[in-house]
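Everything on this sheet refers to the single structure shown next.
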Amino acid sequence: MYALLVLIILFFFSFFHNLEAAEIQLQPKLSLSYRDLSYSAAPVKITGDVLSAGASLTLIRERFYLDFAGENSIDNLQRNTQIAFDRQDISVTLGYGIYDNVSLFTGFKQGKTKIYSQSGVPDNIINLQEYGPYIGAGAGWRASENNIFSFTVAYADMQSKYQDATINSARGDVSGTSLAIAWRWNMNKHLFSQLSMVRHDYFYENFDQINFDIHEKILSIRASLAYQF
């Protein structure tokens, strides 16, 4: 999958190389998300809620698009617990519209989760990281002139790292799925808002230094504002 991703991205950049700037549409986007996180490693289960801010930039040329996105937690919302979460995500996605309302995409992502105690104990920290390629498909339906509903599904086959107070760096495999639904409202010719719900499920296994598997779930409710040049 890595080789296929590299070939597709190289093709995309060669396709863009000789284009006039006017032929490329730019779409910056800002977002704010409520994220519910769940970490399970039997018999331990830890949950938390965070507020996250994100930004992305999408380049569009005819049926092709290239998207750069990042998101970072800015506040923990569970005030009645000593456990807190931090979550960071970055991704690069290359997509192609095979029909007017259906697209296929591939990309590379990296996500980091930090679970730590707010009691002041410095070593009571779990770091979990996944990185690797993914593929997916999406479809959209125009409900009215200014309202569009969409759905996407993706699968990721990645590598992972785990670290805590006793394990310096355990490496393993992680597979994951992503399901998303979104509603877009075109406010005018260039400006639009979007409300979406995204669920990620990650399954970590085959670690070289630990003998347990991990299941991580992230449910995000996201409000976005974008402008298309």
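Take the sequence shown: its letters are residues 1 to 229, numbered as in my numbering.
Every residue gets a Cβ at the ideal spot worked out from N, C-alpha and C, and that includes glycine.
Check, Outcome
"Using DSSP bridges, identify the partner residues of HIS215.", "SER40 and PHE203"
"Between which two residues does the beta strand (DSSP E) containing ARG63 stretch?", "Per DSSP, ARG63 belongs to no beta strand (DSSP E) and is neither H nor E."
"Could you please give me the residues that DSSP links to PHE108 through a beta bridge?", "VAL92 and PRO133"
"Rounded to whole angstroms, what is the Cα-Cα separation between THR177 and ASN211?", "23 Å"
"Looking at the secondary structure, which residues open and close the beta strand (DSSP E) in which LYS161 lies?", "147-163"
"Excluding the five sequence neighbours on either side, which residues of its own chain have a C-beta within less than 7 Å of the C-beta of LEU59, listed in chain order?", "ILE24, LEU26, TYR65 and LEU66"
"Using CA atoms only, rank isn't needed, just tell me which of ASN206, PRO43, TYR134 and ASN186 is closest to VAL92.", "TYR134"
"Would a C-beta distance cut-off of 7 Å place LEU104 and LEU77 closer than the cut-off?", "no"
"Assess contact between the region 164-175 and the region 142-150, defined as three or more Cβ pairs (one per stretch) separated by less than 8 Å. Is contact present?", "no"
"Could you check the C-alpha separation between TYR39 and LYS189 for me, to the nearest Å?", "42 Å"
"Since ASN124 contacts SER117 with CB under 8 Å, what's their CB separation in whole angstroms?", "4 Å"
"Could you tell me the distance, in whole angstroms, from the CA atom of ILE90 to the CA atom of ASN72?", "9 Å"
"Counting contacts by CB-CB distance shorter than 7 Å, is ILE125 in contact with chain D?", "Absent from the structure is chain D; it holds one protein chain and no more."
"Starting from SER169, trace the beta strand (DSSP E) both ways and give me its first and last residue.", "Counting along the chain, SER169 falls outside any beta strand (DSSP E), and DSSP gives it neither H nor E."
"PHE207 and ARG171 look like a contact to me (Cβ under 8 Å); what is the Cβ gap, rounded to whole Å?", "7 Å"
"Could you tell me how far apart the beta carbons of SER196 and ALA182 are, in whole angstroms, since I believe they sit closer than 8 Å?", "4 Å"
"If I measure Cβ to Cβ from LEU231 and keep anything under 6 Å in the same chain, skipping five residues before and after, which residues do I get?", "Not covered by the structure: residue 231. The range shown for the chain is 1 to 229."
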